[in-house]
Structures are given as C-alpha cells and as structure tokens.
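Novice: The opening position of the sequence shown corresponds to residue 1 in this note's numbering, with each subsequent residue numbered one higher. Glycine included, every Cβ here is placed at the ideal spot set by N, Cα and C.
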Amino acid sequence: MSAQPTTRPPAAGPGTSPGRVLAGRLAVVAMLVGFVAQSLFALFADSIPLTAVSVLSLSAAAALHAASVGGLRVALPLVGGVAVLTLVAEAVGIATGFPFGEYAYTGALGPELLGVSLLVPLAWLTLAYPAVVAARLLVGTGGGRRVVLRVALAAYGLTAWDVFLDAQMVDAGNWGWANPEPSLPGTPGIPLTNYAGWFLTAALIAVVIEAALARAGRSARPPRPFGVRDTVRADAVPYLVYLWTWLTSIVGNLTFWDRPSVALAGGLAMGAVAVPLIVVCVLALRPRLIRLTLARSTEGDLRRRLDAVAVAGPVPSGAVIASTHGSWWDGSILAWLADREDRPLTVLMSAAQLDRMPFLRTAGALDESELRGFAERARAEAASGDGWAVLFPEGALRTGPGVGALGAGAAWAAERSGAPLVPLAVRVVLRGGQRPEAYLRFGEPVTPGATRAETTRALHTAMGALLTAVDAELDATDPEELPNGYTVVLRGSGRAADDDRAAVRWLARLTGAERRRG
C-alpha cells in the first residue's frame, strides 16, 4: 500500500476568521523575535537598538494577539487607548511631577514627543496587555466585583514589573529622578511615588482594555473567549511574555547586571502574579498533557502492532460518531485519529474499562451511565464545529459480519445535542502482510427520523452498508494494494516485509551473490 498524506486546515469556530488566525500566528513570531532580542542583552548590555527591537516586537505581539481575539475592533482601540493614555501620563509626569514624582528622560532612548521617548508608550503595552490577560485568568471573567478585582490585579502585575525596569533604565542612564528617596528595600534610587504613579496609570490602562473588550462584545462578531482556562493554549503569547519577563529579569539581575537585591525584590513582586499564573496554566493544560501522553503512547503501540491505518469518506467535525466495534483496536485508532486531526474527543466507554483505566476520564472518556453528560459534550463539540463525541452503539465487541442490534443512545445523544449523527465502519484485517491493517470509512450524516427508533434503524442501515462496502472493497483489491478512495494516515514501523528485504540484502552480501550479479 502506498502512503498518501492528508492535510486539514485549522478548524474555524464561531467568530474566527482567516485574518484572526493569521494575527495569532504572527503574534507568536513577534514574541519570539522579542525574546531573542532580550537574550542578546547578555552580550550587548544596555544596547539601545536591541531595546528598540525588544519593545517593538513585544508590543506588536500584544497588538496581534488582541487582533486574534477580536479583530481590529479590539486591537485598534486597545493599542490606541494605551498609547494615548501612557503618553499623556508620562508628559504630565515630566511637566508636573504627578503621578510618578519628578523625573526626566535623558534622550538616550531616541526620538521624543512632549519630552517622552516614543518607545515608552509601546513599552507600557508590552506588559500591560499580558498583565490584564493574566488577571482575567486568575480572577475570572464577568462583571461587578470581578471587574474591580481584575483591574486591581492587572495594575499590581504591571507595577511589579517596574521594580525590575526602573532599576535597569536608571542604571543605564535612560532617565533619572530628582528625589530618589524614600525607596523600596533593595531598589535604591527609585522613589516610592513612582510605584504609586505606576499603579494608578496601570489601573487606567486595565480599564481601557476592559472597555475595548466590552465595546467589541456588542458587535456582530464578538471577541472569542480569552483569559480563561479553556483558552490557555490560544492565549499562550501573553502568558509567556509575562513569565519570560519575570524569569529573565531575575536571571539578568543576578548575573550580568549584578543587582541581586533587585532580583530578589522584583522576583517576589512579580512572582505574586507569575507563580499563581504558572499553577493555573499547568492545571488547565493537565487534561491536554494527559491526552498528549496517551496519544504518543497509542501511536507507538499502533505503529508496532499494525501495518497501516487507512481512512476513506468525509472526515466529520462537530459530530456524534457511531462506530462499529469489531476489534479491540477501534477505540485506540479513533483516539489517535482525533489527536492527529487536532479535534477534542469524548468517548463513551464501559464502566469496567474506566475502572481499570480511570486516567482516561481526564482525556475525555465517560462511562456508559453518563449518556446525559456525553450529550452535553456533543452539544459543545457541535457548537465549536470541531470535536468528536464517539460511541459504539452495538454495546459490545462484535467480530462477525454485519452490524449487531443498536441501542438508542446514539440517536438520543444526537437529538439532545443537535450534533450530526455520523456512521463509521472500522475493519481491522490481516491481508498481505504479517500484521493487521485497519480501514475506516466515514459515512454521510444520518437523517433524523420522526422518532428515536426510526433514527436508530436508519443508523443501523447506514452502518451496515458502510461495513459491507469496506469488506467488498477489501475483497476486490489485491492484498498488496490500497483500495480506491482510502488514504494511509499511519504506517507501521519496522514492517515485516521491510525486515525480510533487509535480511535478503544482507544474505546476498554474505554469500557474494551481489558481486556475482554485478
């Protein structure tokens, strides 16, 4: 059989668009450029060009991530509002000493407007946006008291960064204070009024960002949820920027900047946000990590024990999948395929199986008594237009020809969830090789009947027709060939035929047959 690769474009859920997807990918690129620039500080300390690249890249990462969340309706007012607010706050601060205290820029940071370096408003954005997104994750979304708590935590998270930043910039000669005392322990030369001014300005920034999101939320295409546990992977950019800044600032102050007291003070201040952020992100990603571990283990097992897995028919999304169950491989194959297609998976299993492998619950498995929960998961997958809710309506392993009697659970779950009901035939057979091969054929969604019984009969007919078609295709095809319409999605490793050919070549070399033939 010849392998034919398949590709699937990223699924687009409600509110997504190609522009938002591209913005999210560019945000990752901008973030990595900023990280590289900051890493070079170890070689080129206090380099203004590197500082400019770092600020421009990380502010672009923030703007692009905001665009990936809600498009230009979020990104433009957010970036514009933060830039205007911080420019005004800095200009007023230079002119009056309020709210930060009396200070002035030295001109080392390049062109200025109203006495403020043009890099400064962008520098505020680099950490202001991550601080707000982190606050949403730690406090939760919603209005009322939660808004106040989010604003306060975001303001604190941004102000804590300045414990590192001001010490670095003052030492580098980029700005200076007229009255640097009293100061925080471990950070001499930076007045306490500076941190009060930062907190006030940061709180106003958080309000601006919350207002931008609220305005976009009333549009026809509202922003996707972000800053919540379900979107930790999608929101990795702001989380990583905040955590990277915390960790590298500690390392930099301990090593090449030689300011251990600043490392301690800033590490503790930012750590009050960074450490809970790490904990919540790890807990949110735990099911994904378990699923990834299972997927890699399953893939290795399939590659060792099967010769190939091939798929035919329209691969569905956001569906209840009713599969035949002719081998113990079926569940493993579907779990691997869902991971390959990057689709969330819910599988209905027997209680006995889950008792033996309870960790599968974390990866999306439910037992057969939880059909209502299964239907709720299916509804969510249908709404996202992406995931699979899989069950085996025959209720037991059936190795013979044809499809056995079906329970009504599949029809009930599809009816309750509103998800399409897709039949699937799976056949694992021993053909021309020394190991089995798996063939999967997806069918078209079953048209719901007037009653669940009618839907179940229609599903039985569809599953039977698919399984008969798979058997006929295999019977009509040379065992060494791939049946028409199938695509190999997984090839076994260390195939027996390949091993045989290697042995033949080795024996030919030992006996001199190769030289005589040449």
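Candidates Ala123, Ala383, Ala196 and Tyr103: which alpha carbon is nearest Val53's?
Specialist: Ala123
Novice: Under 8 Å: do the region 16-31 and the region 54-65 share three or more Cβ pairs, one atom per stretch?
Specialist: yes
Novice: Kindly indicate which three-state DSSP category Phe442 falls into: helix, strand or coil?
Specialist: strand
Novice: Helix, strand or coil, according to DSSP, for Trp198 in the structure here?
Specialist: helix
Novice: Along the beta strand (DSSP E) that carries Ser367, what are the first and last residues, could you check?
Specialist: Here residue 367 is Asp; the residue named in the question, Ser, does not match the sequence. Residues Ala365 to Asp367.
Novice: Which residue or residues does DSSP assign as beta-bridge partners of Leu323?
Specialist: Strictly speaking, residue 323 in this sequence is Ser, with Leu absent from that position. Per DSSP, Leu424.
Novice: Among the residues of its own chain, which have a CB less than 8 Å from the CB of Ala521, if the five just before and after it don't count?
Specialist: Missing from the structure shown is residue 521; the chain here goes from 1 to 518 and no further.
Novice: Shortest alpha-carbon distance to Ile190 belongs to which of Asp166, Val208 and Gly197?
Specialist: Asp166
Novice: For the beta strand (DSSP E) that contains Met349, what are its first and last residues?
Specialist: Leu345 to Met349
Novice: In the DSSP output, what is Arg607 paired with across the bridge?
Specialist: Examination of residue 607 is not possible in this model, given that the chain is present from 1 through 518 alone.
Novice: If you run the structure through DSSP and keep just helix, strand and coil, what is Trp388?
Specialist: strand
Novice: Apply the 10 Å Cβ neighbour rule to Met349 and answer buried if 16 or more other Cβ atoms are within range, or exposed otherwise.
Specialist: buried
Novice: Rank Arg427, Gly385, Asp386 and Arg416 by C-alpha distance to the C-alpha of Val403 and give the top, closest one.
Specialist: Arg427
Novice: Going by alpha carbons, who is nearest to Leu125 out of Pro77, Leu109 and Leu113?
Specialist: Pro77
Novice: Compare the C-beta of Leu292 against all C-beta atoms of chain C and say whether one is closer than 7 Å.
Specialist: Going by chain labels, chain C is absent from the structure shown, which holds only one protein chain.
Novice: Taking the DSSP output, what are the residues bridged to Glu112?
Specialist: Beta-bridge pairing links Glu112 to Ser117.
Novice: On the CB-based measure, 16 or more other CB atoms within 10 Å of its CB, does Pro358 come out buried or exposed?
Specialist: exposed
Novice: For Gly186 and Val282, I'd like the C-alpha separation in whole angstroms.
Specialist: 31 Å
Novice: Going by DSSP, what residue range makes up the beta strand (DSSP E) through Ala154?
Specialist: Element bounds for Ala154: not the beta strand (DSSP E) but the alpha helix (DSSP H), Arg145 to Asp171.
Novice: Pop quiz: Val208 and Gly81 are said to be a contact at Cβ under 8 Å. What is the actual Cβ separation, rounded to whole angstroms?
Specialist: 4 Å
Novice: Between which residues of its own chain and Ser39 is the CB-CB distance below 6 Å, once the five residues before and five after are set aside?
Specialist: Excluding residues within five positions, none has a Cβ falling inside 6 Å.
Novice: Is the distance from the Cβ of Thr362 to the Cβ of Ile290 below 7 Å?
Specialist: yes
Novice: Short of 8 Å in beta carbon distance, which residues of its chain neighbour Pro260, apart from the five on each side in sequence? Order them along the chain.
Specialist: Asn253 and Leu254
Novice: Output yes or no for whether 7 Å exceeds the beta carbon distance between Val237 and Val489.
Specialist: no
Novice: Quick check on Thr86: buried or exposed, where buried means 16 or more other Cβ atoms within 10 Å of its Cβ?
Specialist: buried
Novice: Suppose you measure from the CA of Leu178 to the CA of Ala104; what does that come to, to the nearest Å?
Specialist: First, the amino acid is wrong: residue 178 is Ala here, not Leu. Those two C-alpha atoms are separated by around 8 Å.
Novice: Kindly indicate which residue of Ala202, Thr346, Val132 and Thr248 has the alpha-carbon position closest to the one of Ala37.
Specialist: Thr248
Novice: Quick one: what does DSSP say Trp177 is sitting in, helix, strand or coil?
Specialist: When secondary structure is reduced to three states using DSSP, Trp177 falls in the strand class.
Novice: Might you give, ordered along the chain, the residues of its own chain that have their beta carbon closer than 6 Å to the beta carbon of Ala347, omitting 5 neighbours on each side?
Specialist: For clarity, residue 347 is Val in the given sequence; the question names Ala instead. In its chain, beyond the 5 residues on either side, Ala365 and Val390 have a beta carbon closer than 6 Å to the beta carbon of Val347.
Novice: Enumerate, from N- to C-terminal direction, the unbroken alpha helix (DSSP H) stretches of 4 or more residues contained entirely within the region 433-478.
Specialist: 452-475
Novice: Going along the chain, which residues of its own chain have a beta-carbon closer than 7 Å to the beta-carbon of Gly313, five neighbours each way excluded?
Specialist: Arg441, Phe442 and Gly443
Novice: What distance in whole Å lies between the Cβ atoms of Leu466 and Ala425, which are believed to be in contact at a cut-off of 8 Å?
Specialist: At roughly 4 Å, the Cβ-Cβ gap stays under 8 Å, so Ala425 and Leu466 are in contact.
Novice: Counting only runs of 4+ residues fully inside the region 55-126, write out the alpha helix (DSSP H) ranges in chain order.
Specialist: For the region 55-126, whole alpha helix (DSSP H) runs of length 4 or above, ordered along the chain, are 72-96.
Novice: Quick test of the definition: if touching needs 3 or more C-beta pairs under 8 Å, does the region 287-304 touch the region 382-398?
Specialist: no
Novice: Based on the DSSP secondary-structure assignment, which residues constitute the bridge partners of Ser183?
Specialist: Paired residues: Pro191.
Novice: Can you tell me which of Thr468, Val470, Arg215 and Trp161 puts its alpha carbon nearest to the alpha carbon of Ala272?
Specialist: Trp161
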